[in-house]
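A.B. asks:
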Amino acid sequence: MSQQLRITLPVRQALGRGDFYVAEANSVAVSQIECWRDWPGRKLVLAGPEGSGKTHLAHVWASDSGARIVDAASLTVEDVPHLVSGPLCIEDVPAVAGDDRAERALLHLHNLALAEGQTLLLTADRPPSNWGLALPDLASRMNGTPMVSLSEPDDLLLGAVLLKMFADRQIVPAPDAVTYLVRHMHRSFAMAGQIVDALDEAALAQPKGINRPLAIKVLQQLDTLGD
9 MSQQLRITLP VRQALGRGDF YVAEANSVAV SQIECWRDWP GRKLVLAGPE GSGKTHLAHV
69 WASDSGARIV DAASLTVEDV PHLVSGPLCI EDVPAVAGDD RAERALLHLH NLALAEGQTL
129 LLTADRPPSN WGLALPDLAS RMNGTPMVSL SEPDDLLLGA VLLKMFADRQ IVPAPDAVTY
189 LVRHMHRSFA MAGQIVDALD EAALAQPKGI NRPLAIKVLQ QLDTLGD
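Its first residue numbered 9, the sequence shown is counted upward by one per residue in my numbering.
1. Below 7 Å CB to CB, which residues in the same chain sit around Val36 once its five sequence neighbours on both sides are set aside?
2. Does DSSP classify Ala182 as helix, strand or coil?
3. Please state if the CB of Leu128 and the CB of His118 are separated by a distance shorter than 9 Å.
4. Straight-line CA distance for Gly94 to Val38?
5. Starting from Thr239, trace the alpha helix (DSSP H) in both directions and tell me its first and last residue.
6. With DSSP run on the structure shown, which of helix, strand or coil describes Arg45?
7. So, at 7 Å on beta carbons, what are the nonlocal neighbours of Met173 in its own chain, with the 5 sequence-adjacent residues on each side left out?
8. Report all residues from its chain with a CB closer than 6 Å to the CB of Ala147; omit the five preceding and five following residues, and keep chain order.
9. So the beta strand (DSSP E) Glu99 belongs to, where does it begin and stop?
10. From the DSSP output, in three-state form, read off Arg6 for me.
11. Alpha carbon to alpha carbon, what distance is there between Val78 and Ala70?
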């Protein structure tokens with residue numbers, strides 16, 4: 009049997025509010041994002057593991073608030089005056105830890121944005137106390153920022169996350185394939201991403217698309233690699 013022709017389609021993440029599935033693991037975070045005008049001190053840390061939906065929720069908030077989204081690692085002191093003209097989301101804040109210039113830029117941005125009456129959303133994969141910030145004034149301000157966390161998914165959320173990841177790739181898996189994955193995979197957002205990547209690649213070699221037998225095969229392969 010000849011191998012299927014590979015046609016690389018773009019992965020287009022759906023980042024609208026209607027594309028975000030609300031479950032027990034993320035309901036508190038969603039509620040906080042929706043009530044952003046009431047954040048104490050006009051700032052919030054949104055923390056959660058890789059793939060948990062931080063960037064998606066950041067885009068939901070940006071759409072509602074008119075905020076700009078920037079990567080923490082790209083900040084410079086020169087950029088700060090241009091960034092504080094409105095609400096602002098700083099993504100992946102722990103990435104600046106140990107970089108003196110980036111930490112000072114973030115401290116300057118934090119202070120000026122709040123002085124200008126703006127609102128800040130900061131995303132991270134862990135609480136501020138574990139960011140390893142070297143600048144005492146910055147660490148103090150981050151540790152004093154209210155935080156809401158995204159938890160690892162339950163079955164309903166994990167199934168919804170898998171379906172969204174497939175949809176972003178324009179893939180429609182067999183329903184029993186998704187059911188099998190939810191019941192047998194390691195319950196984490198990061199693993200969901202690895203599985204979807206592997207299934208997308210494996211499906212190119214067979215005409216039936218992503219079905220339950222392929223899901224079983226790929227999951228077994230990934231489990232073997234993890235041993």
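Beta carbons are placed, not taken as given, at the ideal position from N, Cα and C, and that holds for glycine.
C.D. replies: Inspection of the coordinates gives the following:
1. Val156
2. coil
3. yes
4. 21 Å
5. Outside the displayed span of the chain (9 to 235) sits residue 239, for which this structure offers no information.
6. helix
7. Ala200, Gly201, Val204
8. Leu141
9. 96-99
10. The structure shown does not extend to residue 6, since the chain is modelled only from 9 to 235, so the question has no answer here.
11. 11 Å
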